[in-house]
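A.B. asks:
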Amino acid sequence: MCTGNVLSVDKHEGTFTFGLDFLADGGIKVVSGDKEQYDNAASQELPTFNFGIYGCWIKDDDNSFKDYISEDDYTEEMQREFYHLGDENVQKEEQKRRGMHR
């Protein structure tokens with residue numbers, strides 16, 4: 205587990221796979237299934253775009269962020285997602301101020 209590998213455990217109820225995931229509650233992801241199912245679940249959860257201060261990383265087919273795009277080169281799709289995420293963050297902050305957060 206220290207090397208970044210996931211751990212699969214076979215029980216009477218089935219196979220369960222555990223791994224570190226800093227986006228998951230508690231930092232550990234548990235998937236019912238083997239490593240392939242774990243990887244598929246992780247792939248589906250990652251966003252296509254990961255925005256930084258001056259640009260954006262784009263998720264590749266292998267579920268990594270290798271391509272970096274400057275703000276000046278954003279596509280229309282990237283701009284829409286950027287503003288959509290900004291709107292969501294504003295709404296979350298407003299809910300927190302009103303005491304409606306989880």
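Per this note's numbering, the very first residue in the sequence shown carries number 205; after that it's consecutive.
Virtual Cβ for every residue (Gly too), placed ideally from N, Cα, C.
Since we're looking at a predicted model, the values are computed, not measured.
Tell me the DSSP secondary structure of Met205 in three-state form.
C.D. replies: For Met205, the predicted model reports a pLDDT of 33, less than 50, meaning its position is unreliable; a value from the coordinates is still stated below. DSSP places Met205 in coil when its eight states are reduced to three.
A.B. asks: In angstroms, rounded to a whole number, what distance separates the CA positions of Asp225 and Asp276?
C.D. replies: Looking at the two C-alpha atoms, the distance is approximately 31 Å.
A.B. asks: Specify whether the stretch 283-298 and the stretch 252-262 touch according to this definition: at least 3 beta carbon pairs, one from each stretch, less than 8 Å apart.
C.D. replies: Verdict: yes, contact present.
A.B. asks: Consult DSSP for Phe226 and reduce its assignment to one of helix, strand or coil.
C.D. replies: Residue state, collapsed to three classes: coil.
A.B. asks: Using beta carbons (cut-off 8 Å, strictly below), is Asp214 in contact with chain D?
C.D. replies: Among the protein chains of the structure shown there is no chain D, as only one such chain exists.
A.B. asks: Is it the case that the Cβ atoms of Lys239 and Val210 are separated by a distance below 8 Å?
C.D. replies: Cβ atoms of Lys239 and Val210: closer than 8 Å.
A.B. asks: What residue range is occupied by the uninterrupted beta strand (DSSP E) comprising Tyr272?
C.D. replies: 269-274 is the extent of the beta strand (DSSP E) around Tyr272.
A.B. asks: Which residue's Cα is closest to the Cα of Asp264: Tyr258, Tyr272, Ile257?
C.D. replies: Per the Cα distances, Tyr272.
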